[in-house]
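First the structure, in the form of structure tokens, and then the observations on it.
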């Protein structure tokens, strides 16, 4: 075989392999779209479930997931971004900061069910929060922190050191340099990290399993101390725990969850490219 | 003898255990251009950065000796470092415009200092860009991005940015190293007008440049101050053999 033909064959093979990467994603979205589209209606989104969840909608689960994501954001963003600014801009390289970094890396590797059990022990039982949105959001926030911190730290470090030196040479305090130069430049990366973290929190089941999620609770939570239904757990319940569940409801629920997560992802991409275009150096 | 503007007193300095300045002592007169020159690794830039405490940003260093500005020890713990850096401006080897427009760049230091008076800001903007010989070229582009300027313009912008703070002292670390001859000429010209108002210390990027602009010149070799004299003396009748060899281009 000639070199030319070998090359052609090689290209064809590589193209095939990259299609293999895309195929599962397309299949998942395709199947869920086809099977679930029939279930989607205004009622499905906005109604309470009834008749053992075989009828009605997913409203409380959708609201629950939105509230949990919001709660996670409220806790994780200030701690994550604040902690990162300290680590990347202020902290010297000492044994303590090395331990902190090591802890963050390891935090990222902990299985989500372990976070769930930790949340149960720490927030639900020890701190007596009970099965509540508060306990769930705190658990999800801890799980989200490493994602936020590692992407935010990378964005801060990608801003050239010279900007810090110039700012200092013009009489700027370290904070002024961060406030006026470093943070605005690092913001798109930080926002992307935050959204990616929250996205993971919105879709996780294990951390909310023991801390907040209700099996069947056809009303909206009244306070952060109430439990709530949540989409991922609801999906698990109707797929495995309820016999005789109509399959289009399962797929419809999956479709809503998928749409929620994918639209957040799209939003992150748009924000990032918007800020990239506005980059001024 | 005029009172020294800057008094460098037996200064030694090390990164880790690597001593890059050894027992350097010299006085710098006000309203003059002093050049620090010599081969790379002589400690010129480090000494420059010690005068506005910019080397505080570097970790793991040690220093001996004192540096006095207007008779005041700037390494005294009561010194307010941002105030010191406003008095002692610095221009770097590469033009480093900050993100943002020409106007934002020039006025950045004043914003940090909390100056808000609009008419005063406009006045300083024009004045400092005029002093750095850039005003005519950018007066219609004040709100354009600074990165859109040419390299030579960016460097004069950086000079204007330092001048906007109305410092007493201006430190320039090879400010023309990245520039073409015409831009270099413009920057040098602006330095001559600057010394009426400022004390200028410059690390030149060539011996020729050092000879062109120096009122006084200090020759550094391996962290030692070899010779310090009036520019006309040092470049025509150097007293030390090493200086002569370097100035006449026999090593370096």
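Residue numbers (the numbering used here), protein chains in the order written: chain R, 1 to 281; chain Y, 1001 to 1252. No residue lacks a Cβ here, since even glycine has one placed at the ideal position from N, Cα and C. Computed from a predicted model, the values in this text were never measured in an experiment.
Residue environment: residue 146 (chain R) is assigned as buried (16 or more neighbouring CB atoms within 10 Å of its CB, all protein chains considered). If only uninterrupted alpha helix (DSSP H) runs of at least 4 residues are considered, those enclosed by the segment 189-256 of chain R are 206-209 and 231-240. Taking every protein chain shown into account, the CB of residue 1074 (chain Y) has 16 or more other CB atoms within 10 angstroms, so this residue is buried. Assigned with DSSP and collapsed to three states, residue 1009 (chain Y) falls in strand. Residue 1091 (chain Y) is positioned such that its CB atom lies no closer than 8 Å to that of residue 1213 (chain Y). Here residue 54 (chain R) carries a coil assignment [DSSP, helix/strand/coil]. Of the residues Y:1055, Y:1029 and Y:1051, the one whose Cα lies closest to the Cα of residue 1015 (chain Y) is Y:1055. Contact annotation for residue 1113 (chain Y) against chain R: 171 [CB-CB distance below 8 Å, chain order]. The alpha helix (DSSP H) runs lying completely inside the segment 59-116 of chain R and spanning 4 residues or more are 59-85 and 95-109, given in chain order. No Cβ-Cβ contact shorter than 8 Å links residue 1156 (chain Y) with residue 1108 (chain Y).
Put simply, the CB of residue 92 (chain R) is near chain Y, with a gap under 8 Å to one of its CB atoms. Between residue 250 (chain R) and residue 63 (chain R), the alpha-carbon positions lie close to 18 Å from each other. Residues 1084, 1085, 1088, 1090 and 1171 of the same chain have their beta carbon placed closer than 7 Å to that of residue 1052 (chain Y), with the five preceding and five following residues left out of the count. Taking a C-beta distance under 8 Å as the contact criterion, residue 1026 (chain Y) and residue 1013 (chain Y) do not qualify as a contact pair. Residue 23 (chain R) and residue 29 (chain R) have their C-alpha atoms spaced approximately 10 Å apart.
Residue-level contact check: residue 181 (chain R) touches chain Y, since one or more beta carbons of chain Y fall below 8 Å from its beta carbon.
Following the DSSP letters along the chain, one finds residue 1046 (chain Y) inside the alpha helix (DSSP H) bounded by residues 1044-1051. If you compare the alpha carbons of Y:1196, Y:1071, Y:1200 and Y:1058 with that of residue 93 (chain R), the shortest gap goes to Y:1058. Around the beta carbon of residue 1183 (chain Y), 16 or more other beta carbons lie within 10 angstroms, which makes this residue buried. For the pair residue 1039 (chain Y) and residue 1221 (chain Y), the CB atoms are nearer than the 8 Å cut-off.
Excluding sequence positions up to five before and after residue 47 (chain R), its CB lies within less than 7 Å of the CB of 56, 57 and 59, all in the same chain and listed in chain order. Under DSSP, residue 1019 (chain Y) shares a beta bridge with Y:1014. Setting aside the 5 residues that flank it on each side, residue 215 (chain R) is surrounded in the same chain by 237, each with a C-beta closer than 7 Å to its C-beta; the list follows chain order.
At least one CB of chain R lies nearer than 8 Å to the CB of residue 1109 (chain Y). C-alpha of residue 135 (chain R) to C-alpha of residue 221 (chain R): approximately 14 Å in a straight line.
Per the Cβ contact rule, the segment 1137-1154 of chain Y is in contact with the segment 1095-1112 of chain Y (3 or more Cβ pairs under 8 Å). Among the residues facing chain Y, residue 162 (chain R) is included, as its CB has a counterpart in that chain under 8 Å away.
Between residue 32 (chain R) and residue 202 (chain R), the alpha-carbon positions lie close to 18 Å from each other.
In the displayed model, residue 1036 (chain Y) falls within a strand according to three-state DSSP.
For residue 166 (chain R), the residues of chain Y that pass the 7 Å Cβ criterion are 1096 and 1098, in the order they occur in the chain.
The C-alpha of residue 1120 (chain Y) lies about 12 Å from the C-alpha of residue 1111 (chain Y). When Cβ pairs closer than 8 Å are counted between the two stretches, the segment 98-117 of chain R is seen to touch the segment 191-208 of chain R, the count reaching three or more. For the pair residue 84 (chain R) and residue 168 (chain R), the CB atoms are not nearer than the 8 Å cut-off. For the pair residue 71 (chain R) and residue 12 (chain R), the CB atoms are not nearer than the 8 Å cut-off. Residue state for residue 1063 (chain Y) is assigned as strand, using DSSP reduced to three classes. Counting of Cβ neighbours within 10 angstroms places residue 155 (chain R) among the buried residues, the total reaching 16 or more.
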